[in-house]
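So the structure is just underneath, and the comments pick up after that.
Numbering (the numbering used here), first residue to last: 14 to 200.
In structure tokens form, the structure reads like this:
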């Protein structure tokens, strides 16, 4: 199910899994909530209906409020790793020395470039934003859960015990859909 690849527990960070309840109902629970006669996580259980309704509310909110598709992304700073810093210092020391081994400098520079390449985060928010906008532009407000639309627009869903479901769009924006105290009650 697509839900198992999206749902994450906001309490312990584990994935949510599908379980068949006592009355043959399907429930989604944190992987740590079910153990041998004990529970490691007490986050909420969810029905498939709650997940579907939460997605419909989320996608309709995005369609009604285009601010979720604004391109005003804040560029996140890239920090130098300790490995990169050490390699930069080694290169500097070699270049400052009286006899500089060009081959060694070349090898260190190559290693530093490889470390820098691994550390650069991929920022595809603008691209994902365009894809979401294209998918939604011709659609009416949703009345039921469209699993294809779910796959095209949602990157992750964090289940938060206190606040409900936090849907992360593929463009990096998030929307929290509150759930009431009762197991199946929406606010």
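For each residue, glycine too, the CB sits at the ideal point set by N, CA and C.
query	result
Whole-Å CB distance - residue 73 paired with residue 154, under 8 Å assumed	5 Å
Minimum C-alpha distance to residue 185 - residue among 191, 147, 81 and 131	81
Any 3 or more C-beta pairs closer than 8 Å across the segment 162-169 and the segment 102-119	no
Continuous beta strand (DSSP E) assignments of at least 3 residues falling wholly in the segment 39-126	39-43
Three-state class that DSSP yields for residue 35 in the structure shown	coil
Whole-angstrom distance between residue 171 and residue 84, CA atom to CA atom	23 Å
Alpha-carbon spacing of residue 32 relative to residue 191, whole angstroms	23 Å
Burial state of residue 64 (16 or more Cβ within 10 Å)	buried
Residue 99 burial status per 10 Å Cβ neighbour count (16 or more: buried)	exposed
Pairwise C-alpha distance: residue 146 and residue 54	37 Å
Residue burial classification, residue 130 (beta-carbon count within 10 angstroms, cutoff 16)	exposed
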